[in-house]
Amino acid sequence: MNRILVITPAYNEAESIEDVISAVKKELPGADILVINDGSADATSQLARGLGVMVADLPYNMGIGAAMQAGYRYAAMHGYDIAVQVDADGQHPPDQINNLVAPLMEQKADMVIGSRFLGEVKYYPSFARHLGMKIFAFVVSVMTGRKITDTTSGFRAANKGVIRFFADNYPEDYPEVEAIVLLRKAGFNIIETPVRMEARAGGVSSITPLRSLYYMVKVLLSVFVDMLKKVER
Amino acid sequence: MQIVQVFAIIFSLGILVGVVDLIRRGMLKEQYALLWLASAIVLLVLSMWRGLLDTIALAVGVAYPPALLFLVAFLFLLLIVLHFSVIISSISEKNKKLSQEIAILKTLFEEYKKKGSGN
Numbered sequence: 004m005n006r007i008l009v010i011t012p013a014y015n016e017a018e019s020i021e022d023v024i025s026a027v028k029k030e031l032p033g034a035d036i037l038v039i040n041d042g043s044a045d046a047t048s049q050l051a052r053g054l055g056v057m058v059a060d061l062p063y064n065m066g067i068g069a070a071m072q073a074g075y076r077y078a079a080m081h082g083y084d085i086a087v088q089v090d091a092d093g094q095h096p097p098d099q100i101n102n103l104v105a106p107l108m109e110q111k112a113d114m115v116i117g118s119r120f121l122g123e124v125k126y127y128p129s130f131a132r133h134l135g136m137k138i139f140a141f142v143v144s145v146m147t148g149r150k151i152t153d154t155t156s157g158f159r160a161a162n163k164g165v166i167r168f169f170a171d172n173y174p175e176d177y178p179e180v181e182a183i184v185l186l187r188k189a190g191f192n193i194i195e196t197p198v199r200m201e202a203r204a205g206g207v208s209s210i211t212p213l214r215s216l217y218y219m220v221k222v223l224l225s226v227f228v229d230m231l232k233k234v235e236r
Numbered sequence: 002m003q004i005v006q007v008f009a010i011i012f013s014l015g016i017l018v019g020v021v022d023l024i025r026r027g028m029l030k031e032q033y034a035l036l037w038l039a040s041a042i043v044l045l046v047l048s049m050w051r052g053l054l055d056t057i058a059l060a061v062g063v064a065y066p067p068a069l070l071f072l073v074a075f076l077f078l079l080l081i082v083l084h085f086s087v088i089i090s091s092i093s094e095k096n097k098k099l100s101q102e103i104a105i106l107k108t109l110f111e112e113y114k115k116k117g118s119g120n
């Protein structure tokens, strides 16, 4: 039996955290859930604890990359076979998790990314966001030699090898795109699978229009730097 | 001796004495003081040994030799600041790791406490 850890990083997600946890518990009764509370000022941590799941309180707001890495560190320490990233804002429907985990069980890949652009597409981002996502998809696909349609999707599942790799190497700031490039550099096999995502249930997206330009430039720059980095598996 | 030379000597001596004093009082670690010491010594030598300063200035095409002192000081400062950036990066990486480990340890501690009280 594969031991599964669901990692849910949360920063001020009191509105949605309980629904997300309850839904994950219902879908995956055998999995452990670890909420990484990234220095929330609201009741996120207490609400999660109230539902009996594990909560790791980071001592200060460290950003999504460091929060996610803390989850992978925990998973690596405790020898989990599979780690699933599920956002605390309700964007990632837990009934889709099995689609991500199944290819790992069959050892078809080292990491599975849930893509909004595969299968029956019901996701229509704004023109600017769509353009940005297309640019990322193009750059990453060319750089890694693997067609990735949804590079910014944070709905992912990783096997033991990737868990160990991420425990020591996980990008900061906006980590999703970079993580793909680093994994491919280290020789891991990544596949995508179609998933449905919801509009966020609560909270505010960390990517405001004002930040999106910074986001684009920062991610593209980091991806190019990643290609120059020494990556040890 | 020109006034600029006197000023340069006093200035480099000041840095040298200051850095040594900070090390002596344990306020500056030796590994971070090396570049400071090196720059103070080089500046001191160039300020006192006018012949050497003139020769180098001529060689690199600096018309007014004391201006070379500024160039040397500037280059050392660049080096020191770059050194700091590297150190800050390493410290922030270590800080991140420590914070993550502390969060995980706290979680484990709570889990063990829960199990213990359940018995």
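Protein chains in written order, with the working numbering: chain A, 4 to 236; chain B, 2 to 120.
Note that beta-carbon positions come from the ideal geometry of N, C-alpha and C, so glycine has one too.
Note that the coordinates shown come from a computational prediction; the quantities given were computed from them, not determined experimentally.
Go through the region 22 to 84 of chain A residue by residue and report every complete run of the alpha helix (DSSP H) that reaches 4 residues or more, in order.
-> 47 to 53, 67 to 80
From residue 108 (chain B) to residue 77 (chain A), what does the alpha carbon distance come to, in whole angstroms?
-> 10 angstroms
Beta-bridge partners of residue 88 (chain A), as assigned by DSSP | A:10, A:159
If contact means a Cβ-Cβ distance below 7 angstroms, which residues of the region 80 to 105 of chain B contact chain A?
-> 97, 100, 101, 103, 104, 105
Three or more C-beta pairs closer than 8 angstroms, one from the region 92 to 108 of chain A and one from the region 133 to 141 of chain A: is that the case here?
-> no
Note down, in chain order, each residue of its chain lying with its Cβ closer than 8 angstroms to the Cβ of residue 24 (chain A), except the 5 sequence neighbours on either side.
-> 11, 36, 38, 51, 54, 56
Around the C-beta of residue 32 (chain A), are 16 or more other C-beta atoms found within 10 angstroms, so that it is buried, or is it exposed?
-> exposed
Are three or more beta carbon pairs between the region 154 to 174 of chain A and the region 113 to 128 of chain A nearer than 8 angstroms?
-> yes
Decide if residue 60 (chain B) is buried, meaning its Cβ has at least 16 other Cβ atoms within 10 Å, or exposed.
-> exposed
Whole-Å CB distance - residue 69 (chain B) paired with residue 57 (chain B), under 8 angstroms assumed = 6 angstroms
Taking all protein chains shown into account, do 16 or more other C-beta atoms lie within 10 angstroms of the C-beta of residue 48 (chain B), making it buried, or fewer, making it exposed?
-> buried
For residue 27 (chain A), decide whether its Cβ has a neighbour in chain B, counting only Cβ atoms nearer than 8 angstroms.
-> no
Residues in its own chain within less than 6 angstroms of residue 200 (chain A) by CB, not counting five upstream and five downstream?
-> 94, 119
Within-8 angstroms CB hit, residue 178 (chain A) to chain B | no
Considering only the beta carbon of each residue, do residue 86 (chain A) and residue 189 (chain A) sit closer than 8 angstroms?
-> no
Within-8 angstroms CB hit, residue 80 (chain A) to chain B = yes
Excluding the 5 residues preceding and the 5 following residue 68 (chain A) in the sequence, name in chain order all residues of the same chain whose CB lies nearer than 7 angstroms to its CB.
-> 173, 174, 175, 176, 178
Residue 92 (chain A) versus A:202, A:113, A:182, A:140, residue with shortest Cα-Cα distance | A:202
Spatial distance of residue 75 (chain B) from residue 39 (chain B) (CA atoms) = 13 angstroms
At a CB-CB cut-off below 7 angstroms, which residues of chain B make contact with residue 72 (chain A)?
-> 101
Residue from B:110, B:51, B:105 whose Cα sits closest to the Cα of residue 66 (chain B) | B:51
Evaluate residue 75 (chain A) with the Cβ neighbour count: other Cβ atoms within 10 Å of its Cβ, from every protein chain shown; 16 or more gives buried, anything less gives exposed.
-> buried
So the beta strand (DSSP E) residue 196 (chain A) belongs to, where does it begin and stop?
-> 193 to 197
For chain B, is any of its Cβ atoms less than 8 angstroms away from the one on residue 229 (chain A)?
-> no
4 or more residues per run - each alpha helix (DSSP H) lying fully within the region 7 to 76 of chain B | 31 to 49, 51 to 61
Pick from A:164, A:150, A:184, A:211 that is closest to residue 194 (chain A), judged by C-alpha positions = A:150
CA-to-CA distance, residue 37 (chain B) to residue 54 (chain B), given in whole angstroms = 20 angstroms
Under 8 angstroms, do residue 17 (chain B) and residue 41 (chain B) count as touching if we go by C-beta distance?
-> yes
Which residue comes first and which comes last in the alpha helix (DSSP H) that contains residue 144 (chain A)?
-> 130 to 147
Please name the residue, chosen from A:14, A:5, A:47, A:34, that lies closest to residue 21 (chain A) on a Cα-to-Cα basis.
-> A:47
According to the neighbour-count rule (16 or more other Cβ atoms, all chains shown, within 10 Å of its Cβ), is residue 89 (chain B) buried or exposed?
-> exposed
Could you give the DSSP three-state label for residue 3 (chain A): helix, strand or coil?
-> The shown model of chain A, from 4 to 236, leaves out residue 3 (chain A), and the question about it has no answer.
Residue 13 (chain A) versus residue 49 (chain A) - alpha carbon distance | 12 angstroms
Anything in chain A within Cβ reach of residue 108 (chain B), meaning under 9 angstroms, just list it in chain order.
-> 37, 57, 58, 59, 60, 77
Count the other CB atoms within 10 Å of the CB of residue 1 (chain B); is the residue buried (16 or more) or exposed (fewer)?
-> It is not possible to answer for residue 1 (chain B), since the shown part of chain B is limited to 2 through 120.
Just to confirm, does residue 108 (chain B) get its C-beta within under 7 angstroms of one of the non-hydrogen atoms of the ligand GTP?
-> This structure simply doesn't include the ligand GTP, nor any ligand for that matter.
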